[in-house]
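In what follows, a single structure is set out as structure tokens and then discussed.
There are 2 protein chains.
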Amino acid sequence: MKDIEPTKDGHLNCDISPALIRGMLLLQEKWALLIVCGLMKGAMGFNELNRQAEGVNTTTLCQRLTLLEQVGVVVKTIHSTMPPRTSYELTESGRALQPILEAIEDWSEKYLAGIGRPSACTGSAE
Amino acid sequence: MKDIEPTKDGHLNCDISPALIRGMLLLQEKWALLIVCGLMKGAMGFNELNRQAEGVNTTTLCQRLTLLEQVGVVVKTIHSTMPPRTSYELTESGRALQPILEAIEDWSEKYLAGIGRPSACTGSAE
DNA sequence: TATATCACTATATAAAGTCAAGTGCACTAT
DNA sequence: ATAGTGCACTTGACTTTATATAGTGATATA
């Protein structure tokens, strides 16, 4: 009963690349992907984005947008402070996340169908 | 962990495909991707996986593995209950996550290179 | 004999996310 | 003129989630 592990004493030689780790740590931030997904439709204001990315509350949305901005995925443009008028837009980096979203969509359609709770969403994808 | 309903009674926002939403909601679960990534190296036991996926604590690892098992990404095989000997392995579904990981790695290498670490990303800090 | 390992679990605490309400200005409808 | 709405957030109370630490009992190792 010790023939389970593929290697014994030393650790495995194949490491996970630091870049991949950093990417995963970023993208696993709650709502990050959904927000990016919402912004794929184009630049929009805070409240519009909040409606777009259903389920996120304003506090978290604000935090996440700040993070995404810091990381260079999103640009924030303040058109006027008072009355407030702002717009959020994906950078090139943000738009480059598209393949990831597509990969997730493909996988989900293939392997996540019929698992867990039903989703009654009836709209169509892009 | 909590169930997030992509759809709420009444108003729906179905511009994003439901499959994609479900996939994102799953993959944004903290440590989920890292765990899958660790298991890409092959079947392994709980503690070895814990070492592999740096930063995760046992409580969360256990919860996440349960979730991943429920959604069919991982299979758990109990070889002996006492003394405990278990192994975790990716299913076909789990292995099919590879393209997503690759997409994340590509993106990270290209766009996350010179960016200072996001403050919200805690965990494996060594 | 003593220690380490296995796969967890229990408990307590820290961190993160959520909810509701509120800010001050401009616009629309009354 | 007045009331109401929308904008982009912020605040503070509250709830959910994650973490650290310790411990289980058998067995293998030193």
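Just so you know, the protein sequences line up as chains A and B, in that order.
Position one of the first sequence corresponds to residue 138 (our numbering), numbered consecutively onward.
Position one of the second sequence corresponds to residue 138 (our numbering), numbered consecutively onward.
Don't be surprised by glycine CBs; every beta carbon is placed ideally from N, CA and C.
Treat the numbers as computed from the prediction; the structure is a model and nothing was measured.
- DSSP, reduced to helix, strand and coil, places B/THR228 outside both helices and strands of the structure shown, so it counts as coil.
- A residue is called buried when at least 16 other Cβ atoms come within 10 angstroms of its Cβ; A/SER217 does not meet this threshold and is exposed.
- Our two residues, A/GLN200 and B/MET219, have alpha carbons roughly 46 angstroms apart in a direct line.
- Taking a 10 Å sphere around the C-beta of B/GLU166, we find 16 or more other C-beta atoms and assign the residue as buried.
- In the three-state reduction of the DSSP assignment, B/LYS213 falls in the strand class, which pools E and B.
- Looking only at B/LEU170, B/ARG159, B/ILE158 and B/LEU157, the smallest Cα-Cα distance to B/VAL211 is reached by B/LEU170.
- Taking a Cβ-Cβ cut-off of 8 angstroms, A/CYS199 has no neighbours in chain B, whose nearest Cβ is about 13 angstroms from it.
- Distance from the CA atom of B/ASN194 to the CA atom of B/ASN187, rounded to whole angstroms, is 7 angstroms.
- When DSSP states are grouped into helix, strand and coil, A/THR223 belongs to the strand group.
- By DSSP's assignment, B/MET181 forms a beta bridge with B/TYR225.
- Contact between B/LEU164 and A/LEU238 does not hold, since the beta-carbon distance rounds to 11 angstroms and is not under 8 angstroms.
- Contact check for A/LEU176 against A/GLU226 passes: the beta carbons are separated by less than 8 angstroms.
- In the three-state scheme derived from DSSP, where H, G and I count as helix and E and B as strand, A/TRP244 is classed as helix.
- Straight-line spacing of the CA atoms in A/GLY179 and A/ALA233 works out to 14 angstroms.
- Judged by DSSP in its simplified three-state form, A/ILE237 adopts helix.
- If you look at B/GLU206, you'll find it in the alpha helix (DSSP H) that goes 195–207.
- B/PRO236 has a beta carbon lying within less than 8 angstroms of a beta carbon in chain A.
- It is roughly 15 angstroms from the alpha-carbon of A/ARG222 to the alpha-carbon of A/LEU202.
- Assignment of B/LEU170 by DSSP, reduced to helix, strand and coil, places it in the helix class.
- Check the Cα spacing between A/GLY192 and each of A/LYS213, A/ILE172, A/THR228 and A/ASP152: the tightest is with A/ILE172.
- Remark: C-beta atoms of B/GLY209 and B/SER230 approach each other more closely than 8 angstroms.
- Taking 8 angstroms as the cut-off between beta carbons, the residues of the stretch 154–182 of chain A near chain B are SER154, ALA156, LEU157, ILE158, ARG159, GLY160, MET161, LEU162, LEU163, LEU164, GLN165, GLU166, LYS167, TRP168, ALA169, LEU170, LEU171, CYS174, GLY175 and LYS178, in sequence order.
- At a C-beta separation below 8 angstroms, B/GLU242 has these neighbours in chain A: SER154, ALA156, LEU157 and GLY160.
- Residues of chain A whose Cβ lies closer than 9 angstroms to the Cβ of B/ILE215 do not exist; the shortest such Cβ separation is about 11 angstroms.
- Annotation: A/THR214 to A/GLU185 spans about 15 angstroms, alpha carbon to alpha carbon.
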